[in-house]
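Sequential numbering from 1 applies to the first sequence in our numbering.
All remarks here apply to the structure that follows.
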Amino acid sequence: MLDLTLLRRDPERVRRSATRRGGDGAFVDRVLELDTRLRSALTESEQLKAAKNGLTAQISKAPDRAAKAQELRPQIQSIDNSIVEASAAIPALEREIEEILADVPNLLDDSVPDGTAETDNVLVRDSGPPPEPAFPQLQHWELGERLGILDFERAAKLSGSRFTVLRGKGARLSRAIVDFFLARAGERGYLEVVPPYLVTRSTMWATGQLSKFADAMFRDEDADLFMIPTAEVPLTALHRDEILDTTQLPLQYAAYSPCFRKEAGAAGKDTRGLIRQHQFEKVELVWLTEAARSFEALERLTGDAEALLRELQLPYRVMALCAADVGFNAAKTYDLEVWLPGQAAYREISSCSNCTDFQARRSQIRFRRDPKAKPELVHTLNGSGLAVGRTLIAVLENYQQADGSVRVPAALVPFAGFETIDVPEPRRRT
RNA sequence: GGAGAGAUGGCCGAGCGGCUGAAGGCGGCGGUUUGCUAAACCGUUAUACGCCCUAAAGCGUAUCGAGGGUUCGAAUCCCUCUCUCUCCGCCA
Numbered sequence: 001m002l003d004l005t006l007l008r009r010d011p012e013r014v015r016r017s018a019t020r021r022g023g024d025g026a027f028v029d030r031v032l033e034l035d036t037r038l039r040s041a042l043t044e045s046e047q048l049k050a051a052k053n054g055l056t057a058q059i060s061k062a063p064d065r066a067a068k069a070q071e072l073r074p075q076i077q078s079i080d081n082s083i084v085e086a087s088a089a090i091p092a093l094e095r096e097i098e099e100i101l102a103d104v105p106n107l108l109d110d111s112v113p114d115g116t117a118e119t120d121n122v123l124v125r126d127s128g129p130p131p132e133p134a135f136p137q138l139q140h141w142e143l144g145e146r147l148g149i150l151d152f153e154r155a156a157k158l159s160g161s162r163f164t165v166l167r168g169k170g171a172r173l174s175r176a177i178v179d180f181f182l183a184r185a186g187e188r189g190y191l192e193v194v195p196p197y198l199v200t201r202s203t204m205w206a207t208g209q210l211s212k213f214a215d216a217m218f219r220d221e222d223a224d225l226f227m228i229p230t231a232e233v234p235l236t237a238l239h240r241d242e243i244l245d246t247t248q249l250p251l252q253y254a255a256y257s258p259c260f261r262k263e264a265g266a267a268g269k270d271t272r273g274l275i276r277q278h279q280f281e282k283v284e285l286v287w288l289t290e291a292a293r294s295f296e297a298l299e300r301l302t303g304d305a306e307a308l309l310r311e312l313q314l315p316y317r318v319m320a321l322c323a324a325d326v327g328f329n330a331a332k333t334y335d336l337e338v339w340l341p342g343q344a345a346y347r348e349i350s351s352c353s354n355c356t357d358f359q360a361r362r363s364q365i366r367f368r369r370d371p372k373a374k375p376e377l378v379h380t381l382n383g384s385g386l387a388v389g390r391t392l393i394a395v396l397e398n399y400q401q402a403d404g405s406v407r408v409p410a411a412l413v414p415f416a417g418f419e420t421i422d423v424p425e426p427r428r429r430t
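Spelled out as structure tokens, the structure:
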């Protein structure tokens, strides 16, 4: 949620950010108008309440309270009526301002490049040109099915489209990837957390998932619980309604979790393979920092995710998302894209964002610079480190051998306990 | 699922319906004392919003889990909800 005070003081800045995102800045004037009306109603109502409190205090102090109460009752009643009148519009004004503001995306950072589509994202750096393949490269689903480690048909039988069953070394490699990610996160100062995978409506609201993205989430109606679309939600909301001590910052959390998404807007996209699933796994990294350090933290966070790709020796590039592509919560985002030889394309494998104070304001996560200082909102950051399924894909495609087998990257061998995934015997004879 | 208990400031813990934003303690901060530390002593220590406004100070309103009610007046009385804890049952 945007800061209403900022909108009041610098409406042009807010409008500029909204239009850069490809949206409409008209809400700014509407909010300003509502806010003016709200504040005048508030002032009037509060002045009347002050007058009433004055009379009530007279009763308290009077020697004969009953008599004084009797005497002042008519006056108080008349003020009561005025209060009701003066306050009548307040709840509706507050609600409307809140409703408008709740759907306004975060203020873009000035460093975010202009652009109207994904194709305007800017290359920041890469790991060099991807190697020239020495033999025809298979897509991960071809490899996975041939190796007997990815089973899409049975997954469809169980759950419909966009699910996958991992088998044997596929399942074990997936688990090894998770272990590898968590081990590295721990080494880089992240505290590992196992959060709830179902959260309340208010938690979803606090991290900006609601109300805009309600359609994207699975939920249980009876309990009014939502299945997390990312561990960003519980990790970021962990310190909701808290005032942290400055010595606690920055906080760095890492969590492995399954993620659930309806992918309603992605009909027809990535229907094959496990690129886009209703259920996928991810190790998520979250930072809580003070405002002045958050962009420095974004570089660190991105670097942490990037280091995983380097250690896995997967070709990748870092993209700065353009204004149109930066998500609702974020002020700035880097995407990490991994090279997939089977598709001959770079695909997103991590998204690292600085959400500045946008989520912290909704979540009321604050800190005190020193014991006497006023509480300030923290900045929240999140990034995948990394998406597990897509890492599995990248390993399969980049480490495929001419005979259809797959080597396990050296970094993963200690976690996996094996060095190759071989094509099963019966098929090798054909 | 059944039965009971509870929810007060950073924490613990009081609180006959009337200057109670809230005793007391702990912790924190400032100070005195001290060779240093500790102890002791003194003082101080919530948040949001609005008004004023360069700012500070000041003033006002609201807040004792949430929402509603009774009353001139509610942390205190009534209702609803949420959450936590204990016991029983069931169970990965």
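Glycine residues also receive a C-beta, built at the ideal position from the N, C-alpha and C atoms.
query                                                                                                                                                         : result
In this structure, does DSSP put V124 in helix, strand or coil?                                                                                               : strand
Where does D220 sit, in a helix, a strand or coil, going by DSSP?                                                                                             : strand
Give me the Cα-Cα distance between P258 and A156, rounded to the nearest whole angstrom.                                                                      : 18 Å
Under 8 Å Cβ to Cβ from L182, same chain only, skipping five residues before and after it: list those, please.                                                : E192, A254, Y256 and V283
Does the Cβ of E192 lie closer than 7 Å to at least one heavy atom of the ligand NAD?                                                                         : The ligand NAD is not part of this structure, which contains no ligands at all.
CA-CA distance, D64 and E71?                                                                                                                                  : 11 Å
With burial defined as no fewer than 16 other Cβ atoms inside 10 Å of the residue's Cβ, what is the status of V408: buried or exposed?                        : buried
Give the single residue among A387, N121, K372 and R293 whose Cα lies nearest to the Cα of A323.                                                              : N121
If you draw a straight line from the C-alpha of H140 to the C-alpha of G389, how long is it?                                                                  : 11 Å
Are I421 and I228 closer than 8 Å when you measure CB to CB?                                                                                                  : no
Tell me whether L55 sits in a helix, a strand or coil according to DSSP, three-state version.                                                                 : helix
Flag this pair as yes or no: are the beta carbons of S350 and G327 separated by less than 8 Å?                                                                : no
Secondary structure at P409, three-state DSSP: helix, strand or coil?                                                                                         : coil
If you follow the beta strand (DSSP E) that L381 is part of, which residue opens it and which one closes it?                                                  : H379 to A387
Taking only runs of the alpha helix (DSSP H) that begin and end inside the segment 123-205, which ones reach a length of at least 4 residues, in chain order? : 140-147, 152-159 and 168-187
Roughly how many whole angstroms lie between the Cα atoms of R204 and T289?                                                                                   : In the sequence as displayed, the identity of residue 204 is Met instead of Arg. Roughly 21 Å separates the two Cα atoms.
Spatial neighbours of H239 within its chain, please: C-beta separation below 6 Å, excluding the five flanking residues on both sides.                         : I365
Which same chain residues end up closer than 6 Å to W339 when comparing Cβ atoms and leaving out the 5 residues on each side of it in sequence?               : P130, P315 and Y346
Relative to the C-alpha of V194, which candidate in G170, K169, T164 and T230 has its C-alpha closest?                                                        : T230
Taking buried to mean at least 16 other C-beta atoms within 10 Å of its own C-beta, is R429 buried or exposed?                                                : Interpretation of R429 is limited by its pLDDT of 49, a score under 50 that renders its predicted location unreliable; the figure taken from the coordinates is listed afterwards. It is exposed - the Cβ of R429 has fewer than 16 other Cβ atoms within 10 Å.
On the DSSP bridge assignment, give the partners of Y256 in chain order.                                                                                      : V283
So for L392, helix, strand or coil by DSSP?                                                                                                                   : helix
Scan the segment 345-382 and note each continuous alpha helix (DSSP H) run of 4 residues or more that stays entirely inside, going in chain order.            : 358-363
How long is the line joining the alpha carbons of D335 and A307, rounded to whole angstroms?                                                                  : 14 Å
Can you tell me which of the three DSSP states T430 falls into?                                                                                               : Residue placement at T430 is poorly supported in this model, since its pLDDT is 46, which falls under 50; the coordinates still yield a value, given next. Three-state result, T430: coil.
Would you give the residue range spanned by the beta strand (DSSP E) that T333 belongs to?                                                                    : K332 to L340
Taking the alpha carbon of T119 as the point to measure from, which residue in L274, G265, Q400 and L321 has its own alpha carbon closest?                    : L321
I need the straight-line Cα distance from Q58 to K49, nearest angstrom please.                                                                                : 14 Å
Over what stretch of residues does the alpha helix (DSSP H) that includes D80 continue unbroken?                                                              : R65 to S87
Evaluate contact between the segment 259-269 and the segment 369-381, counting only Cβ atoms and requiring at least three cross-stretch pairs below 8 Å.      : no
To the nearest angstrom, how far is it from the Cα of E296 to the Cα of N329?                                                                                 : 18 Å
Tell me whether I97 is buried or exposed, calling it buried when 16 or more other Cβ atoms sit within 10 Å of its Cβ.                                         : buried
For R317, name the three-state secondary structure that DSSP assigns.                                                                                         : strand
Is it buried or exposed, L392, if we count other Cβ atoms within 10 angstroms and call 16 or more buried?                                                     : buried
Determine the DSSP secondary structure at I97, reduced to helix, strand or coil.                                                                              : helix
Run through the DSSP bridge pairs and tell me what M227 is partnered with.                                                                                    : L198
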